[in-house]
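Notes follow once the structure below has been shown.
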Amino acid sequence: MTEIPERKPVFTAKPPNPSRLADGVSDAIAAALFDGRISPGEPLPPEGEIAREFGVSKPIAREALRQLTAAGLIFTQQGKVARAKALSGESMDKIYGYAVRSSLKRLREANEMRRVVETGIARLAAERRDPEGLEIMRQGLAGMLASVQEPSGFTAADILFHLGLAVTTGNYMIRVHMESMRSVQREVSELFSRRANRSDADWRATIDRHQAIYDAIAVGDADLAEQKIREHFEAADIASLEVADKLKDAER
Numbered sequence: 001m002t003e004i005p006e007r008k009p010v011f012t013a014k015p016p017n018p019s020r021l022a023d024g025v026s027d028a029i030a031a032a033l034f035d036g037r038i039s040p041g042e043p044l045p046p047e048g049e050i051a052r053e054f055g056v057s058k059p060i061a062r063e064a065l066r067q068l069t070a071a072g073l074i075f076t077q078q079g080k081v082a083r084a085k086a087l088s089g090e091s092m093d094k095i096y097g098y099a100v101r102s103s104l105k106r107l108r109e110a111n112e113m114r115r116v117v118e119t120g121i122a123r124l125a126a127e128r129r130d131p132e133g134l135e136i137m138r139q140g141l142a143g144m145l146a147s148v149q150e151p152s153g154f155t156a157a158d159i160l161f162h163l164g165l166a167v168t169t170g171n172y173m174i175r176v177h178m179e180s181m182r183s184v185q186r187e188v189s190e191l192f193s194r195r196a197n198r199s200d201a202d203w204r205a206t207i208d209r210h211q212a213i214y215d216a217i218a219v220g221d222a223d224l225a226e227q228k229i230r231e232h233f234e235a236a237d238i239a240s241l242e243v244a245d246k247l248k249d250a251e252r
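Okay, so the sequence shown: first residue is 1 according to the UniProt record's numbering, each after it adds one.
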């Protein structure tokens, strides 16, 4: 009789706390996703196998997978095994999107969050200067130049530039966080671009501010990078919120 080879355990975890079995199982599976033992697109073990490996019931294993699906770490289809997803900011981006569209107060708060977060990111980007991120920033600048007077294309290029800013830090978690703020970036950029009186000089000034940020990071000047991104937010994002105020007044 042919012996079935023993499968190497996928998860390395202590037995979960009995009062929070599903949480313990989902934490262990998430750890396997984050440290690369399970790659994006790779199938997870079947529900029954997960239950056996952790010594829990199938309903507990099912609940753990449900938690991971809700968090955006795996995706499931009826009748098929769950598969790992690449870590992204998709879930939080949806939440931020709902928030910034709900009221001007939340939009202002989100904009303030960006100023705080991206100031630190710019400094780290200047210190690290990851080549992949610098190339993405250059692509964003090129896209802005090609999309003057074309708001949707300009907004997409703007978002790409700021993603590149995060990638230039070489910090994957910062990259994910920047992805989670795309809705905030899109809302502010689109508001700014909707100004009826926006001239070619206005578009060019926006590009110049981004270029200044890139130049400071490319030469590794962290102080200058921080200064330039602060100037960018003062000139661009605050102006966008003023536009939003005017739009709200018009609606009234």
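Note that beta-carbon positions come from the ideal geometry of N, C-alpha and C, so glycine has one too.
Computed from a prediction, not measured in an experiment: that's the story for all the values here.
message: Among G72, S183 and L145, whose alpha-carbon lies nearest the alpha-carbon of N111?
response: Taking the sequence shown and counting its residues from 1, the one referred to as residue 111 is at position 111. Distance from the Cα of N111 is smallest, within the candidate group G72, S183 and L145, for S183.
message: I'd like to check one pair, R129 with G220: are the Cβ atoms closer than 7 Å?
response: Sequence index remark: in the sequence shown, residue 220 carries index 220 (1-based). Sequence index remark: in the sequence shown, residue 129 carries index 129 (1-based). Yes, these two residues count as a Cβ contact at 7 Å.
- prompt: Given 8 Å as the limit, is there contact between the region 96–109 and the region 172–191, that is, 3 or more CB pairs closer than that?
  reply: They touch, by the three-pair rule.
message: Can you look up D35 in the DSSP assignment and give me helix, strand or coil?
response: Looking up residue 35 in the sequence shown gives position 35. D35 carries a coil assignment under DSSP once its states are collapsed to helix, strand and coil.
- request: Pull up the distance between the alpha-carbon of F75 and that of K105, whole angstroms please.
  value: By 1-based counting over the sequence shown, the position of residue 75 is 75. By 1-based counting over the sequence shown, the position of residue 105 is 105. In a straight line, the C-alpha of F75 is about 34 Å away from that of K105.
message: Less than 7 Å between the beta carbons of G120 and S91, yes or no?
response: In the sequence shown, the residue the question calls residue 120 occupies position 120. In the sequence shown, the residue the question calls residue 91 occupies position 91. No; because the gap between Cβ atoms is not below 7 Å, this pair is not in contact.
field: Length of the line joining the Cα atoms of residue 308 and S152
entry: The chain is shown from 1 up to 252; residue 308 falls before or after that span and cannot be answered.
field: Buried or exposed by the 16-neighbour rule on C-beta atoms within 10 Å, applied to M173
entry: Here residue 173 refers to the residue found at position 173 of the sequence shown. Burial call: exposed.
field: Endpoints, alpha helix (DSSP H) assigned at F233
entry: The sequence position of residue 233 within the sequence shown is 233, counting from 1. The continuous stretches of alpha helix (DSSP H) do not include F233, and DSSP gives it neither H nor E.
- prompt: Who are the near neighbours of E231 in its chain, counting only those whose CB is closer than 7 Å to its CB and skipping five residues on each side?
  reply: To locate residue 231, count along the sequence shown from 1; it is residue 231. Answer for E231: R209, listed in chain order.
Exposed unless 16 or more other CB atoms sit within 10 angstroms - verdict on A166: Stepping through the sequence shown from its first residue, residue 166 is reached at position 166. A residue is called buried when at least 16 other Cβ atoms come within 10 angstroms of its Cβ; A166 meets this threshold and is buried.
message: Once DSSP output is grouped into helix, strand and coil, what is the label at R83?
response: Mapped onto the sequence shown, residue 83 falls at position 83. R83: strand per DSSP, three-state reduction.
Own chain, CB closer than 7 Å to M1, minus 5 neighbours either side, in chain order: To locate residue 1, count along the sequence shown from 1; it is residue 1. For M1, the predicted model reports a pLDDT of 48, less than 50, meaning its position is unreliable and no value from the coordinates is stated.
message: Among the candidates R37, D158, G41 and A218, whose CA atom is the shortest distance from the CA of Q139?
response: Sequence index remark: in the sequence shown, residue 139 carries index 139 (1-based). By alpha-carbon distance to Q139, the top candidate from R37, D158, G41 and A218 is D158.
- request: Can you give me the start and stop residues for the alpha helix (DSSP H) that M113 sits inside?
  value: Here residue 113 refers to the residue found at position 113 when the sequence shown is read from its first residue. Element bounds for M113: L104 to R128.
- prompt: Can you give the Cα-Cα distance for G143 and F154, rounded to whole angstroms?
  reply: Walking along the sequence shown from the start, residue 143 turns up at place 143. Walking along the sequence shown from the start, residue 154 turns up at place 154. Taking the straight line from one Cα to the other gives about 7 Å.
query: Is P43 helix, strand or coil when you go by DSSP?
result: The sequence position of residue 43 within the sequence shown is 43, counting from 1. Strand at P43.
query: Counting along the chain, where does the alpha helix (DSSP H) carrying residue 313 start and finish?
result: Because residue 313 is not part of the residues shown, which for the chain are 1 to 252, the question remains open.
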